[in-house]
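Protein chains in written order, with our numbering: chain A, 1 to 193; chain B, 1001 to 1193. We treat Cβ as the ideally placed atom computed from N, Cα and C, and that holds for glycine. These notes are about the structure you will find just below.
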């Protein structure tokens, strides 16, 4: 906690004596948030800083703050210059409307390129299945989104940032467990995957 | 490439002169694989080493090799000692049969605990939607699995390891893009999420 105070991630408490300070509910909540972002989200302290700034931003910087937060949540592909042609083709095929300059598009492109490089490019059926699963999840994500015109901006940003950081590991862990569950039907007792 | 040779990740080529060596197709394929594991999979060199060993293992070490590879693909939760009670309850609720000592179960537990800590625990509907999406994807993953009794062991391990490393970013990127696509219907032109 002292470390976070020193790094400016937590506001100072109310001094009650020369070496003591009081911390309120808000401090405890923020501490939990920082822990979640670093432990589960694997964010660097610099990224946590930016996310907290986004959370504290006023309503008029909302869209920008959410965009910044999403950018930071990486992973950032190394090769940023090549146009994401594979990803653009994939979303066109799916009929999705997305921001052509978004980080997620570059992430998708890097993953598709890498799969191609090692001789395992996803075929159309795989892409459609993954896209369908992603849509099911995203539909629920969007349905839970606090309305920007009534909810405090911090709530909307918190929902987007935490929804991304916290629920991505849930989805990935469930995929691995689903593989185990299905694999145990094929092969007997669960072994590896 | 020289770096990977020095680190023992690539076997030496056939010397053709004092300062030259020939590299064949297998070298190029392995180099692509290392790149994919480090760039997209974000694996450490130590983890790449272990994955390559798993790929080169004989058929009788297959299950163990796959298990080892999956363990390395992290992210490893920090607090390994607490029993994953939340995750165990979740898979029991879903009726899935999984290995109670698996890394994926601990990952799920850490993510569920973190979501709870910041006041955003997934409700039953969210868990079921995510699990349904994970099952759709896993069913396709399993269907494509080379049969262990006919395919070379390296192919099976390659499929599991690469399927995890390469397709997880595909799934996550598609989820973010699906959010953008759906969000653009709600809010007009795509902005942040």
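So, under 8 Å CB-CB, residue 137 of chain A and residue 37 of chain A are touching, yes? Tell me the CB distance rounded to an integer number of Å.
Counting from 1 along the first chain, the entry for residue 137 of chain A is found at position 137. Counting from 1 along the first chain, the entry for residue 37 of chain A is found at position 37. About 21 Å separates the two Cβ atoms, so there is no contact after all.
For the alpha helix (DSSP H) that residue 1129 of chain B lies in, which residues bound it at each end?
Position 129 of the second chain, counted from the first residue, corresponds to residue 1129 of chain B. Counting along the chain, the alpha helix (DSSP H) containing residue 1129 of chain B begins and ends at 1124-1143.
Report the rounded CA-to-CA distance for residue 1123 of chain B versus residue 1056 of chain B, giving the unit in angstroms.
Your numbering for residue 1123 of chain B matches position 123 in the second chain. Your numbering for residue 1056 of chain B matches position 56 in the second chain. Looking at the two C-alpha atoms, the distance is approximately 43 Å.
Per DSSP, what kind of secondary structure is residue 1093 of chain B in: helix, strand or coil?
Here residue 1093 of chain B is taken as the residue at index 93 of the second chain, counted from 1. Reduced to three states, the DSSP call for residue 1093 of chain B is helix.
When the distance is taken between beta carbons, is residue 98 of chain A closer than 7 Å to residue 1180 of chain B?
For the purposes of this step, residue 1180 of chain B is taken as residue 180 along the second chain, with counting starting at 1. For the purposes of this step, residue 98 of chain A is taken as residue 98 along the first chain, with counting starting at 1. The answer is yes: Cβ separation under 7 Å.
Going by the beta-carbon positions, is the gap between residue 1131 of chain B and residue 135 of chain A smaller than 7 Å?
Taking the first residue of the second chain as position 1, residue 1131 of chain B is located at position 131. Taking the first residue of the first chain as position 1, residue 135 of chain A is located at position 135. Their beta carbons are not under 7 Å apart, which means residue 1131 of chain B does not touch residue 135 of chain A by this criterion.
Classify residue 1006 of chain B as helix, strand or coil using the three-state DSSP reduction.
By one-based count along the second chain, residue 1006 of chain B stands at place 6. In this structure, residue 1006 of chain B counts as helix in the three-state DSSP scheme.
With DSSP as the reference, identify every bridge partner of residue 116 of chain A, one or two as the case may be.
Mapped onto the first chain, residue 116 of chain A falls at position 116. DSSP output for residue 116 of chain A lists no bridge partner at all.
What residues in its chain sit with their C-beta under 8 Å from that of residue 1048 of chain B, if we drop five residues either side in the sequence?
Locating residue 1048 of chain B in the second chain gives position 48, counting from the first residue. Once the five neighbours on either side are set aside, the close Cβ partners of residue 1048 of chain B are 1009, 1034, 1037, 1038.
To which residues of the same chain is residue 108 of chain A closer than 6 Å at the C-beta, ignoring the five residues directly before and after it?
Looking up residue 108 of chain A in the first chain gives position 108. Contacts found: 87.
7 Å is my cut-off, CB to CB: does residue 31 of chain A come that close to chain B?
Taking the first chain and counting its residues from 1, the one referred to as residue 31 of chain A is at position 31. Output row for residue 31 of chain A: interface = no.
Do residue 1025 of chain B and residue 1013 of chain B have their CB atoms nearer than 7 Å?
On the second chain, residue 1025 of chain B is found 25 positions in, with the first residue counted as 1. On the second chain, residue 1013 of chain B is found 13 positions in, with the first residue counted as 1. Not closer than 7 Å, so no.
Leaving out the 5 sequence neighbours to the left and right, which residues in its chain are closer than 6 Å to residue 121 of chain A when beta-carbon positions are compared?
Counted from its first residue, the first chain places residue 121 of chain A at position 121. Answer for residue 121 of chain A: 115, listed in chain order.
For chain A, check one thing: does any of its Cβ atoms lie closer than 7 Å to the Cβ of residue 1193 of chain B?
Here residue 1193 of chain B corresponds to residue number 193 of the second chain, with the count starting at 1. Residue confidence for residue 1193 of chain B is low, a pLDDT of 42 falling below 50, so the modelled location carries little weight and cannot support an answer.
With a threshold of 7 Å between beta-carbons, can residue 162 of chain A be considered close to chain B, or not?
In the first chain, the residue the question calls residue 162 of chain A occupies position 162. True, the Cβ-Cβ gap to chain B drops below 7 Å.
Which two residues bound the contiguous beta strand (DSSP E) that contains residue 16 of chain A?
Taking the first residue of the first chain as 1, we reach residue 16 of chain A at position 16. Note, residue 16 of chain A: beta strand (DSSP E), 14-17.
Using 10 angstroms around the beta-carbon of residue 1129 of chain B, count the other beta-carbons present and answer buried if the total reaches 16, otherwise exposed.
In the second chain, counting from the first residue as 1, residue 1129 of chain B sits at position 129. By the 10 Å Cβ count, residue 1129 of chain B comes out buried.
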